[in-house]
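Structure first, then comments.
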Amino acid sequence: RYPWRLVMRGRGSPASKVLFGTAFAQQKVWAHQHPENCSESKFLVYYHSRAGIGSQLHLLGQALALAMHMGRVLALPLSDPSMTLIDHTFCPDSRGFQCWLENITSCTAGGDVLTIRGIPEVARFTRKAVPEVFRKMLLQCSPIKRRFWFYWWRAQSVTYLVRFNARTRKAVDKMRSESLFACDTKVTSSETLAQGTISVHVRHGRKATEADVFEFLKYLEEMESLAADSTALRVLYPEVAESNTTFSYPANTYTARKVFLSTEDQQVVDEALRLCGGKPRWEVIYTRVRRSNDDAWVHAKKPEDARYEVLNAFMNLELALEADAWVCTLSSNWCRLIDELRMTIGRKASHPYLS
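Numbering (this note's numbering), first residue to last: 212 to 566.
And the structure:
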């Protein structure tokens, strides 16, 4: 059900490093979305807001929570004007994200259908609410604080939603084989990234209009802290932490100085590549793809452009999950998506994630 390289090849940490309640949550969501008798089901059909892939997936995940709360199966509409990243030459007759991902339900919506657009919330069930079926478990059994329940749910919802279909799996593999480089050397191996690799996603582009963005040098400082076996890397921000707990990891885990870099900013790539000849030297792994600081998905008008942007995004997402530590700003939906998935299908919930 989860066609990621690191899952199919058995790569990852022991199951004990999976986010609490993941297996239970995935079973419950699957059963809800695949009822024995679709003709007896009620449905919630969700229309997206226009946004980037990460934001749309998070909203779709909350629509799933709302559907479970209301006893309805979540389904996608035949056509959604705000879902523009579709290439019907790649996926004829597919709906929304089902162009790229496995179908979210085995049913076709009919009969009792409720339509929701934009922010998926109703009275007494806000955008941070968690389906009732999980609340007792979270309250009585889990170590997760109530104020973080919504983040736990986001991890579970995107884990269910982001499952490549066979077409996407094949296309992502092809793009990776053509575009992955380590410094100036083309990567020909189909293996996952080497253990001890650090993933860095530098979010620039239009994000600067809504949140602080940082120069690559700030990310490099965190990379060097990991490479130096720092014991002072906090698990949580001081503003939300209840203790001064820091990340712990075996000595020399990151001393090989291997980093996978993703960004929409070509200048960041150029700056990072200078580390390939620096002292100390870093091996910079990246994809040679089209980049734009104007958020290319906004301007993807042609089907082939939409296909390129989605496959490029999913390729870089998968590469990020193959790393063993992350430097990423949690103000970014994409960084949160990486964080959520590395705790579930990545089986690396206790690994360092530095925001």
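We treat Cβ as the ideally placed atom computed from N, Cα and C, and that holds for glycine.
- Annotated as distal: residue 540 and residue 361, with beta-carbon spacing of 8 Å or more.
- Of 492, 339 and 295, the smallest CA-CA separation from residue 438 is found for 492.
- Among the bridge pairs identified by DSSP, residue 410 is matched with 471 and 537.
- Residue 238 has its alpha-carbon roughly 31 Å from the corresponding atom of residue 459.
- By the beta-carbon neighbour count (other beta carbons within 10 angstroms, threshold 16), residue 241 is exposed.
- Counting along the chain, residue 327 sits inside the beta strand (DSSP E) bounded by residues 324 to 328.
- By DSSP's assignment, residue 229 forms no beta bridge with any residue.
- Residue range 514 to 532 is occupied by the alpha helix (DSSP H) that includes residue 531.
- Here DSSP, grouped into helix, strand and coil, assigns residue 397 to strand.
- A Cβ-Cβ distance of about 7 Å is found for the pair residue 256 and residue 287, placing them in contact under the 8 Å criterion.
- Linking residue 480 to residue 374 through their CA atoms gives a straight-line distance of about 29 Å.
- By the C-beta density criterion, residue 220 is exposed, having fewer than 16 other C-beta atoms within 10 angstroms.
- Taking a cut-off of 8 Å for Cβ pairs, the stretch 456 to 472 and the stretch 510 to 524 do not touch, as fewer than three such pairs fall below it.
- Three or more beta-carbon pairs drawn from the stretch 268 to 281 and the stretch 365 to 380 are found closer than 8 Å, and the two stretches are therefore classed as touching.
- Residue 305 sits away from residue 245, with the two beta carbons spaced by 8 Å or more.
- Annotated as distal: residue 331 and residue 289, with beta-carbon spacing of 8 Å or more.
- Going by C-alpha positions, residue 562 is about 46 Å away from residue 322.
- Counted as a single uninterrupted DSSP element, the beta strand (DSSP E) harbouring residue 498 occupies residues 494 to 498.
- For residue 384, same chain residues with a beta-carbon under 7 Å away, outside a window of 5 residues either side, do not exist.
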